[in-house]
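S.K.: Here it is: the structure, laid out below.
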RNA sequence: GCCGACGUAGCUCAGUGGUAGAGCAACGGUUUCGUAAACCGUGGGUCGUGAGUUCAACUCUCACCGUCGGCUCCA
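Residue numbers (the working numbering): 22 to 617.
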């Protein structure tokens with residue numbers, strides 16, 4: 022029985038929304054045709070009672086959505102796939118013909134196809150309509166196909182999943198059958214191989230194997246426990262970030278996790294974001310709330326005393342832990358959680374300072390991301406939406422500041438017209454990981470709303486009170502999500518500056534235990550994270566264990582090393598070389614400093 | 001939340017109505033060994049939780065909890 026591999030290339034939806042419609046290239050045409058063949062096969066096998074919805078090509082393949090009673094079961098897939106392969110082999114021509122709206126509606130009314138009628142109703146009058154036929158299957162379709170079923174080449178059905186009609190949970194739940202297709206079998210095989218590789222990098226699997234973190238059923242879903250190995254990495258990341266921010270003029274602050282509900286009424290979060298907040302906590306007849314965002318807290322710090330233009334810019338940074346109610350079905354390992362710690366900061370500045378602060382922030386983001394071996398970025402600027410708050414001219418200035426900051430960083434950007442939040446324009450930075458997947462990490466968001474809601478002011482040089490401009494920004498995003506991305510990026514083989522254990526000292530026999538401890542102490546004195554392996558195992562076993570633990574360096578010490586006062590350094594890749602402990606320390610210290 | 005699948009030892013997984021299994025890990029012992037897994041032994045499971053059906057439930061039914069895939073990529 023075939024195994025149905027999940028589609029592992031999970032992409033942030035926002036990215037797709039912003040990707041210019043995939044050039045109607047050959048692959049998309051081929052997959053679009055494959056979707057029609059899927060529907061053809063389903064109708065062949067299950068009859069005309071199946072209600073047809075839509076069947077587009079998508080990023081990694083295609084799907085077709087159906088409504089069928091009883092529902093499809095996984096065992097149906099091989100049958101359907103086999104029928105598709107027959108159809109492919111029959112070299113059926115794909116042909117399209119224009120059709121009038123009336124004829125199309127009659128066609129689908131006669132066949133009792135409500136979703137097709139719904140689609141028709143959604144197409145504006147005057148748009149030309151067409152029907153495409155391949156073999157015995159005709160479908161309302163805009164076109165964009167290969168000429169023959171044969172051109173579809175290699176096809177594989179991947180999974181069945183529920184999906185609301187038009188993605189709206191008020192609509193009926195349909196079943197989508199997902200598949201992928203390529204011109205050649207070899208390309209399909211390669212794709213499936215890539216999926217397997219992605220699966221091996223899954224942070225949930227590696228997190229367990231390397232004992233980095235866990236999510237405990239008893240404690241609740243979406244709440245992350247960082248184990249010592251994960252904690253070591255996190256603290257290295259946090260130290261790094263803190264140093265970066267200190268150098269850039271940020272001030273560390275700390276704010277409570279629970280504050281009076283009133284704060285979120287003032288901020289407006291309760292009104293607009295309330296559904297994503299944890300419920301109230303009653304204390305002495307007052308209602309408190311877990312914070313879903315750090316901004317109100319930082320604002321209260323700003324507001325705690327009168328501010329002068331001389332105090333600005335004020336850059337308040339916090340690893341702020343927030344709690345958000347995410348629907349249970351959306352939780353996913355470290356990538357989508359209910360409790361998360363943002364590398365958050367809020368910048369309060371004068372309008373004149375906005376440009377410079379934005380540049381500084383973008384520069385900080387790129388510097389940090391590069392330190393984690395991300396070097397392929399895509400920037401998205403989201404501009405004023407129709408429901409925007411505030412003066413359009415102010416928006417334009419802010420948008421110009423964002424664009425200038427991108428230019429200043431020397432990076433191209435794409436513009437999402439009208440994609441900004443109602444309270445301000447923003448920049449999002451996406452990174453591409455080691456196997457080509459994109460993740461949104463940084464976000465730098467101007468806010469024209471909260472300063473007003475909290476009545477923030479500063480005394481200007483003119484002696485008048487002015488409203489500061491506020492910028493929210495998280496550069497790594499959240500520690501949880503960033504860690505998940507990092508795990509997958511490095512496949513658990515963290516660079517030495519991040520690795521929870523940087524070097525394992527491995528004595529070959531008991532006779533070298535004392536020497537191994539000596540080496541361990543020497544390395545610890547140099548601030549390295551070290552494990553001395555005193556287990557009663559053979560060398561091969563010890564090496565296998567540390568290799569599985571993805572420890573960057575193993576320092577093997579046996580009789581000859583003991584005699585010569587050296588260590589035999591085995592790198593993660595397998596190469597080995599004897600050297601003095603001091604030389605090793607010098608090499609690794611340099612490597613750590615360079616973050617390579 | 002919704003649709004579907006899944007939940008057996010710390011991990012990976014066998015076990016289709018008749019007294020719960022393996023490998024790895026753990027623990028005890030033997031071995032002291034030169035670059036990816038030595039040998040012997042021991043312990044460990046309310047089979048996610050709770051109800052129900054049955055003489056009998058890991059196995060069948062229902063509910064709940066959790067996990068996984070999907071739920072804006074548009075005829």
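Ideal placement from N, C-alpha and C gives every residue a C-beta, glycine not left out.
Spatial neighbours of residue 360 within its chain, please: C-beta separation below 6 Å, excluding the five flanking residues on both sides.
M.R.: Hits under 6 Å: 244 and 344.
S.K.: For residue 613, which of helix, strand or coil comes out of DSSP?
M.R.: It is helical.
S.K.: Between residue 339 and residue 316, what straight-line distance do the alpha-carbon atoms span, to the nearest angstrom?
M.R.: Their Cα atoms are separated by approximately 10 Å.
S.K.: At the level of alpha carbons, what is the spacing between residue 615 and residue 477?
M.R.: Their backbone Cα atoms lie some 42 Å apart in a straight line.
S.K.: Roughly how far, in whole angstroms, is the beta-carbon of residue 444 from the beta-carbon of residue 410, given that I think they are within contact range, below 8 Å?
M.R.: Confirmed, about 6 Å.
S.K.: Given this structure, state the Cα-to-Cα distance separating residue 42 from residue 71, to the nearest angstrom.
M.R.: Since pLDDT at residue 42 reaches only 36, below the 50 mark, its modelled position is unreliable, and no value is offered.
S.K.: Taking the alpha carbon of residue 80 as the point to measure from, which residue in 53, 102 and 319 has its own alpha carbon closest?
M.R.: Ranking 53, 102 and 319 by Cα distance to residue 80 puts 53 first.
S.K.: Roughly how many angstroms lie between the CA atoms of residue 211 and residue 501, to the nearest whole one?
M.R.: Answer to the nearest angstrom: the Cα atoms are 31 Å apart.
S.K.: According to the neighbour-count rule (16 or more other Cβ atoms, all chains shown, within 10 Å of its Cβ), is residue 404 buried or exposed?
M.R.: The residue in question, residue 404, is buried, as its Cβ has 16 or more Cβ neighbours within 10 Å.
S.K.: Can the beta-carbon of residue 383 be found less than 7 Å from the beta-carbon of residue 430?
M.R.: A contact, by the Cβ cut-off of 7 Å.
S.K.: What residue from 381, 466, 579 and 47 has the CA that sits closest to residue 164's CA?
M.R.: Closest option to residue 164, Cα to Cα, is 47.
S.K.: Could you give the distance in angstroms between the alpha-carbon of residue 291 and the alpha-carbon of residue 304?
M.R.: Straight-line Cα distance between these residues: approximately 18 Å.
S.K.: Please state whether DSSP places residue 346 in a helix, a strand or coil.
M.R.: Coil at residue 346, not helix or strand.
S.K.: Would you mind giving the Cβ-Cβ distance between residue 493 and residue 523, rounded to the nearest angstrom? I have them listed as a contact below 8 Å.
M.R.: In fact, because the Cβ distance is near 35 Å, the residues do not count as touching under 8 Å.
S.K.: The alpha helix (DSSP H) spanning residue 97 covers which residue range?
M.R.: Taken as a continuous stretch (DSSP letters only), the alpha helix (DSSP H) holding residue 97 covers 97-110.
S.K.: Taking buried to mean at least 16 other C-beta atoms within 10 Å of its own C-beta, is residue 197 buried or exposed?
M.R.: Residue 197 is buried by the Cβ-count criterion.
S.K.: Which ranges would you report for the beta strand (DSSP E) in the region 369-433 if only whole runs of at least 3 residues count?
M.R.: Segments of the beta strand (DSSP E) lying fully in the region 369-433: 398-403.
S.K.: Kindly confirm or deny that the region 58-65 and the region 79-97 touch, where touching means at least three C-beta pairs closer than 8 Å.
M.R.: Because the criterion of three Cβ pairs below 8 Å is met, the region 58-65 and the region 79-97 touch.
S.K.: Out of 588, 566 and 402, which one is the CA nearest neighbour of residue 541?
M.R.: The residue with the shortest Cα to Cα distance from residue 541 is 588.
S.K.: Is it right to say residue 105 is buried, meaning 16 or more other beta carbons lie within 10 angstroms of its own, or is it exposed?
M.R.: The residue is buried, with at least 16 neighbouring Cβ atoms inside 10 Å.
S.K.: Among all the DSSP beta bridges, which residues are the ones paired with residue 575?
M.R.: Paired residue(s): 525 and 591.
S.K.: For residue 452, which of 268, 506, 578 and 471 has the nearest alpha-carbon?
M.R.: When each option's Cα is compared against that of residue 452, the closest is 506.
S.K.: Any idea which residues DSSP pairs residue 175 with across the strands?
M.R.: Residue 175 pairs with 203.
S.K.: Which same chain residues end up closer than 6 Å to residue 513 when comparing Cβ atoms and leaving out the 5 residues on each side of it in sequence?
M.R.: Correct list, in chain order: 227, 231 and 571.
S.K.: What does the alpha-carbon distance come out to for the pair residue 318 and residue 328?
M.R.: Roughly 16 Å between the two C-alpha positions.
S.K.: Could you compute how far the alpha carbon of residue 285 sits from the alpha carbon of residue 511?
M.R.: Computed Cα separation, rounded: 39 Å.
S.K.: Taking the C-alpha atoms as reference points, what is the distance between residue 417 and residue 464?
M.R.: Roughly 19 Å separates the two Cα atoms.
S.K.: Considering only C-alpha positions, which residue in the set 357, 607 and 372 is nearest to residue 481?
M.R.: Checking every option, the nearest Cα to that of residue 481 belongs to 372.
S.K.: At the level of alpha carbons, what is the spacing between residue 503 and residue 387?
M.R.: In a straight line, the C-alpha of residue 503 is about 14 Å away from that of residue 387.
S.K.: Can you tell which of 77, 330, 277 and 557 has the C-alpha that lies nearest to the C-alpha of residue 487?
M.R.: Cα-wise, what sits closest to residue 487 is 330.
S.K.: Which residue or residues does DSSP assign as beta-bridge partners of residue 156?
M.R.: Paired residues: none, contrary to the question.
S.K.: Short of 8 Å in beta carbon distance, which residues of its chain neighbour residue 322, apart from the five on each side in sequence? Order them along the chain.
M.R.: Hits under 8 Å: 274, 276 and 337.
S.K.: What separation, rounded to the nearest whole angstrom, lies between the Cα atoms of residue 6 and residue 175?
M.R.: This structure does not reach residue 6, given that the chain is present from 22 up to 617, and the question cannot be answered.
S.K.: Between the Cα of residue 406 and those of 450, 436 and 528, spot the shortest distance and give me the residue it belongs to.
M.R.: Here the closest residue by C-alpha is 436.
S.K.: Compute the beta-carbon to beta-carbon distance between residue 209 and residue 203, rounded to the nearest angstrom, for a pair I have assumed lies under 8 Å.
M.R.: Right, their Cβ atoms sit about 4 Å apart.
S.K.: Beta strand (DSSP E) containing residue 85: first to last residue?
M.R.: Per DSSP, residue 85 belongs to the beta strand (DSSP E) from 82-88.
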